[in-house]
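Asks: Quick one: this structure, given as structure tokens, is what I'll be asking you about.
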Amino acid sequence: IVVGSESEPEQVEDIVEDIVVEDDLYWLSRIISAEAKGESAEGQIAVGNVILNRMKSDEFPNTLKGVIFQKNQFSPVSNGSIYNEPTEETLKLAQRVLDGERVVPADVLFFYNPAIVSSDSWVWSREIVYSIGNHNFAR
Numbered sequence: 192i193v194v195g196s197e198s199e200p201e202q203v204e205d206i207v208e209d210i211v212v213e214d215d216l217y218w219l220s221r222i223i224s225a226e227a228k229g230e231s232a233e234g235q236i237a238v239g240n241v242i243l244n245r246m247k248s249d250e251f252p253n254t255l256k257g258v259i260f261q262k263n264q265f266s267p268v269s270n271g272s273i274y275n276e277p278t279e280e281t282l283k284l285a286q287r288v289l290d291g292e293r294v295v296p297a298d299v300l301f302f303y304n305p306a307i308v309s310s311d312s313w314v315w316s317r318e319i320v321y322s323i324g325n326h327n328f329a330r
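Add 191 to the 1-based position in the sequence shown for my numbering, that's all there is to it.
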């Protein structure tokens, strides 16, 4: 970068954008891996869709990392598995999600494993839109 050149601000913005995109890929791949390891590609993409859907909803933080680390939202954050290395496959699936691939509609904001959610959880009151693998996806 040449200091004082007219192109400097654009180049700096491009660098910052690349860093943000890499950070989003990093965290999205980790939450997909931690929440949906062993699920089909469709199920993993659906988990990624829910994360991005929440970013666009007024009910949740507007950054990917903000959504993932919102208090009491995702068990991998509280149990530490969010910090496990994602697989190369999960990285590819996360990139597909960031590129716009969609399995569940934009109004689907929740997913859960019905086999492990307690019977008195609030999540049962949500309308189930899809069941994919071990997860229900709900509005």
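Ideal Cβ placement from N, Cα and C applies to all residues, glycine included.
1. On a Cα-Cα basis, can you pick out the residue from A306, L284, F301 and Q235 that is closest to V320?
2. With distance defined between alpha-carbon atoms, name the residue in E279, N270, E233 and G324 nearest to V294.
3. Check the C-beta distance from A285 over to L243 and give it rounded, since I have them as a contact under 8 Å.
4. Excluding sequence positions up to five away, which residues of its chain have a Cβ less than 8 Å from the Cβ of V308?
5. Roughly how many angstroms lie between the CA atoms of Y217 and L282, to the nearest whole one?
6. Compare the C-alpha of S272 against each of D290, P305, I323 and A227 and name the closest.
7. Specify, as a first and last residue, the run of the beta strand (DSSP E) that N327 falls within.
8. I319 bridges to which residues according to DSSP?
9. For F265, which residues does DSSP report across the bridge?
10. Just to confirm before moving on: does the CB-CB distance between Q261 and P252 stay below 8 Å?
Replies: In terms of the structure at hand:
1. F301
2. E233
3. The Cβ separation is near 10 Å, so there is no contact.
4. The residues are V314 and W315.
5. 8 Å
6. A227
7. H326 to A329
8. Paired residues: A329.
9. Partner(s): none; F265 has no beta bridge.
10. yes
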